[in-house]
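With mature numbering (1 follows the signal peptide of the UniProt record, and there is no 0) as the guide, the letters of the sequence shown map in order to residues -24 to -1, 1 to 164. Glycine included, each C-beta is placed from N, C-alpha and C at the ideal position. Here the structure is a predicted model, which is why all the values come from computation and not from measurement. Okay, structure first, notes after.
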Amino acid sequence: MQRKIESMLIQMAVMLTLLHLSMSAKNCCKDIKSIKSDIETLKKSVQCQSSCPTYFTRHLDSCYLFVTMPNAAATWSDASYYCSTHNAHLVAIETEAEHTYIVGKLHSDGKSGLYFWTGGNDLTGEWQWSGGPCFETKPMEFTKWHPGQPDEASGNENCMDLHAKWSLNWNDFNCDHKIQSICEINLI
Ligand SMILES: [Ca+2]
Ligand SMILES: [Ca+2]
């Protein structure tokens, strides 16, 4: 009888230990999940901004940096990297109004004779706006292609520029060309 009770007690102790271990495991994973979500929130709060840096121009809920210095002409990927160093992304022109604002600004600043990289690219097969700090990559919906573009003219035109020769309408261009660029920050 005593042996039976001892064995039952041992079984209960084993079950309680297993139950405790399983609960700790659950808590541990829950904790890791909540830590991960805290890190994501923290990352966003560090990268996203609610006001424009002084050297950016504000328009509606965006800040723009027109990179027009002659020595700042860069390939698309270098221009994209440059924007990221300012916590920005290459400009995403998402509406007719945004296109009109940018073209108007380049005209009023006397820069409409230059060529500018935007974040538009089809490097993954579909035309999209490249992402960056606090801005998700997204498909291109509004477009302002110059008639006949995109034409993949050189057989290797995967990046979109505002094309001076065509009144700053859009062109697909070889990503290795070195031209000016526009960075954007979408404010939160
Ligand atoms: Ca935009
Ligand atoms: Ca083209």
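Same chain, Cβ closer than 7 angstroms to residue i, five either side skipped, listed in chain order
i, result
"SER60", "GLY108, PRO109"
"LEU144", "VAL79, LEU82, SER88, LEU138"
"SER106", "SER56, HIS65, LEU66, GLY95, ASN97, THR113"
Closest residue to residue i among the options (Cα-Cα distance)
i, options, result
"TYR91", "HIS62, PHE32, ALA50", "ALA50"
"PRO29", "TRP142, ALA64, CYS135", "ALA64"
"GLU102", "LYS141, THR33, ASP148, SER84", "ASP148"
"residue 185", "ASP127, TYR31, GLY86, ASP152", "This structure cannot settle anything about residue 185, because the visible part of the chain is limited to -24 through 164."
"TYR40", "HIS153, TRP93, THR119", "TRP93"
"ASP85", "PRO115, MET45, ASP54", "MET45"
"ALA129", "SER27, SER10, CYS151, HIS35", "CYS151"
"CYS24", "LYS12, HIS62, TRP52, ALA48", "HIS62"
Nonlocal neighbours in the same chain, by C-beta distance under 6 angstroms from residue i, ignoring five residues either side
i, result
"PHE42", "ILE158"
"PHE111", "HIS65, ASN162"
"LEU(-16)", "With a pLDDT of only 49 at LEU(-16), under 50, the local geometry of the prediction cannot be trusted, and the value read off the model is given with reservation. Correct list: empty, nothing qualifies."
"HIS153", "none"
Residue i, buried or exposed, once every other Cβ within 10 Å from all chains shown has been counted against 16
i, result
"TYR57", "exposed"
"MET136", "buried"
"GLU117", "exposed"
"ILE155", "buried"
Close Cβ partners of residue i (< 8 angstroms) along its chain, the five nearest in sequence each way excluded
i, result
"ASP127", "GLU133, ASP148"
"SER38", "GLU74, GLU160, ILE161, ASN162, LEU163"
Assess contact between the segment 71 to 79 and the segment 123 to 131, defined as three or more Cβ pairs (one per stretch) separated by less than 8 angstroms. Is contact present? no
Between the segment 127 to 136 and the segment 73 to 89, are three or more C-beta pairs nearer than 8 angstroms? no
Starting from the N-terminal side, write out each stretch of the beta strand (DSSP E) that is 3 residues or longer and does not extend beyond the segment 5 to 73. 33 to 35, 38 to 43
Whole alpha helix (DSSP H) runs in the segment 83 to 127 with 4 or more residues, listed along the chain? none
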